Amino acid sequence: MYAQVVKVSDLGPAAATPVLCVDLDGTLVLTDTLHEQVLMLLKTNPLGFLAALLELFHGIAQFKRAVSRRVAFRTDLLPYREELVTYLRGEAERGRHILLVTAADRAIAEGVARHLGFFKAVLATEGSTNLKSNAKVSRIREYTQSEPFEYAGDSSADIPVWQAAAAAILVNPTRSIRRAVGRAGVSVTKEFRSAGTWKDVLRAMRVYQWSKNLLIFAPVFLSHTIFRLPKLLLAGETFLAFSLAASAIYVVNDLLDLDADRQHPRKRFRPFAAARLSAMQGVALAAILLLGAAAFSLALPPLARMVVALYVVTSMSYTTYLKKMLFLDVITLAGLYTLRMLAGGVATSVVISQWTLAFSIFMFTSLAICKRLSELRAGGVPDDRRLPGRAYSPVDLSSLTSLASSSGYVAVLILALYLNSPEVAVLYRHPKVMWLLLPILAYWISRAIMIANRGEMHDDPIVFAFGDAASRVVGLAALGVVIGSL
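Take any residue in the sequence shown, note its place counting from 1, add 83, and you have its number in this note's numbering.
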């Protein structure tokens, strides 16, 4: 436990410099620790969250304590404001007395202080006192015995603290904060700035992942009705509904996976893991995207709306639970790929054949396994440890490789059986030309599995295919075969 009362006059040589009090949420760290704790609690223990909500009847301080007790929150993974941390560490090395003064629960604050190692004391929310605004001023004055202090903060709730301070450090100040500090006659010694951009919003939406939803157009393409405008428009509306819904799910996934993403070599740079966008901005963004998906769904046939809703429910189940289940996660991913094709067929009134469904299930199962292979190769975890947030460890690599290969080649076999069926003769004038698809598909599947096994596939396999030069050549070759068979 950190000391709570000291005579500033007894601090030694550093006493000539005002005590530096530093806020936590939004200042020392780029995020709000309570918001992240609540999201973690919702994911891991929904009933515990409801129990914590009841503590609000006893005040916000009790709610924070209840939430903090129910989650294992890793303060070492928090996104710290590195420029400020570097500055504070330098001040501490010069002997300055630095306090962590925060409205966060004491358990969180002390975890941060232990991790950084340069705070002399922690003043935080505990008992029935929420250490914010004027309560924070009173606690600082009690600690310093009314000696001058400097305060680093970021929000309008900190204005009373700045007004009572001898000097101010501002973090991302608004105009109103600047005016309030100026009117109080408090000198500003330093400023720190950082903010998210629209590029971060687009990154959080993972717009590049919308390429997977091009599967929605597959039914109208395979039925040779791609140039019928009404069907194309319906497929386009379905594409937009699925894309906005998918982006909403990605946002929710990133909000619920903050700890796991921060331990991943690439995912730690995602907007929410790096705190370039806040958790509350993420919640708002997800809500807006879901409303947009619902708006586009209204233009679709009733059954297509149901498929969109099924996609959202299944994706959310995958995000919150199923992705941790051994191989059930792979089956779910394959099902979500197939669901896109079903949505395209239902929306455009195109009947999807049993051949297409069978091919899709095995093909997408192979690709879903490739996704896990690439994650394992890139994860850098020891053989006896599981990939964070997943049910796989490096010892599963050989099994996954075999499963991906067998599923992929079953898809090739199904395609061969289809090309030998009477249906092909009806749709194509030169059906024998279509047999060239078999070596093309076998090559692409084999290459994809090998690249995933090398850890060189850093995206979803379908997204990877759009960015991979060899895959684009394969796609053009396959398209040429289909056109040549018409």
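Note that CB positions come from ideal geometry on N, CA and C, so glycine has one too. What you are looking at is a predicted structure, and each value in this text was computed from that prediction instead of being measured.
For Leu-327, same chain residues with a beta-carbon under 6 Å away, outside a window of 5 residues either side, are Leu-372, Gly-375, Ala-376 in chain order. With fewer than 16 other beta carbons inside 10 angstroms of its own, Asp-159 counts as exposed. Residue state for Ile-143 is assigned as helix, using DSSP reduced to three classes. Within the model, the alpha-carbon separation for Arg-555 versus Leu-498 is close to 20 Å. Val-271 has Ala-251 as its beta-bridge partners, per DSSP.
For the 8 Å CB-CB criterion, Asp-342 and Phe-355 do not form a contact.
Tyr-526 sits exposed, since fewer than 16 C-beta atoms from the chains shown fall within 10 Å of its C-beta. With a 10 Å radius around the Cβ and a threshold of 16 neighbouring Cβ atoms, Ser-490 comes out buried.
Taking a cut-off of 8 Å for Cβ pairs, the region 258-268 and the region 122-133 do not touch, as fewer than three such pairs fall below it.
Annotation: the continuous beta strand (DSSP E) that includes Ile-181 extends over 181-188. The way I'd put it, the region 384-404 doesn't touch the region 135-147; fewer than three beta-carbon pairs between them come closer than 8 Å. If the five residues before and after Ala-190 are omitted, its C-beta is found closer than 6 Å to the C-beta atoms of Ser-151, all from its own chain and listed in chain order. Ranked by Cα distance from Lys-350, the first of Ala-451, Leu-470, Leu-103 is Leu-470. CA-CA distance, Ser-211 to Glu-225, rounds to 17 Å. Here Ala-235 carries a strand assignment [DSSP, helix/strand/coil]. When C-alpha distances from Gln-437 are compared across Ser-504, Leu-459, Thr-403, the shortest belongs to Ser-504. Taken atom to atom, the span from the alpha-carbon of Tyr-475 to that of Thr-403 is near 17 Å.
The region 475-543 is shown to contain whole alpha helix (DSSP H) runs of 4 or more residues at 480-502, 505-510, 520-536, in chain order. Within the same chain, Cβ atoms closer than 7 Å to the Cβ of Cys-453 are found at Ala-487, Ala-531, Ile-532, Ala-535, Met-540, Pro-544, the five residues on either side in sequence being excluded. When the alpha-carbon of Ala-287 is set against those of Val-493, Val-334, Ala-358, the nearest one is in Val-334. Annotated three-state conformation of Leu-206 is strand, per DSSP.
Shown here, Tyr-404 sits in coil according to DSSP, grouped into three states, outside any helix or strand. Of His-513, Gly-427, Glu-274, Ser-529, the smallest CA-CA separation from Thr-321 is found for Gly-427. Classified as exposed, Thr-257 has fewer than 16 neighbouring CB atoms from the shown chains inside 10 Å of its CB. Per DSSP, the beta bridge partners of Thr-212 are Glu-209. Here Asn-255 has Asp-237, Arg-276, Ser-277, Ala-278 as same chain residues with Cβ atoms under 7 Å from its own Cβ, once five neighbours each way along the sequence are excluded. Excluding sequence positions up to five before and after Leu-411, its CB lies within less than 8 Å of the CB of Leu-405, all in the same chain and listed in chain order.
In this structure Ser-259 touches Ser-239 by the C-beta definition: roughly 7 Å separates them, less than 8 Å. Runs of the beta strand (DSSP E) lying entirely within the region 360-409 and spanning at least 3 residues: none are present. Minimum Cα-Cα distance from Ala-461 among the listed residues Ile-523, Leu-368, His-347 corresponds to His-347. Considered as a whole, the region 107-166 harbours no complete run of any beta strand (DSSP E) with no fewer than 3 residues.
An exposed status is given to Pro-522, since fewer than 16 other beta-carbon atoms sit within 10 Å of its beta-carbon.
Contact holds between the region 161-177 and the region 199-211, because three or more Cβ pairs, one in each stretch, are under 8 Å apart. Nearest Cα to Thr-484 within the set Arg-455, Leu-502, Asp-467, Val-493: Arg-455.
Residue range 411-431 is occupied by the alpha helix (DSSP H) that includes Val-413.
A residue is called buried once 16 or more other Cβ atoms fall within 10 Å of its Cβ, and Pro-129, having fewer, is exposed.
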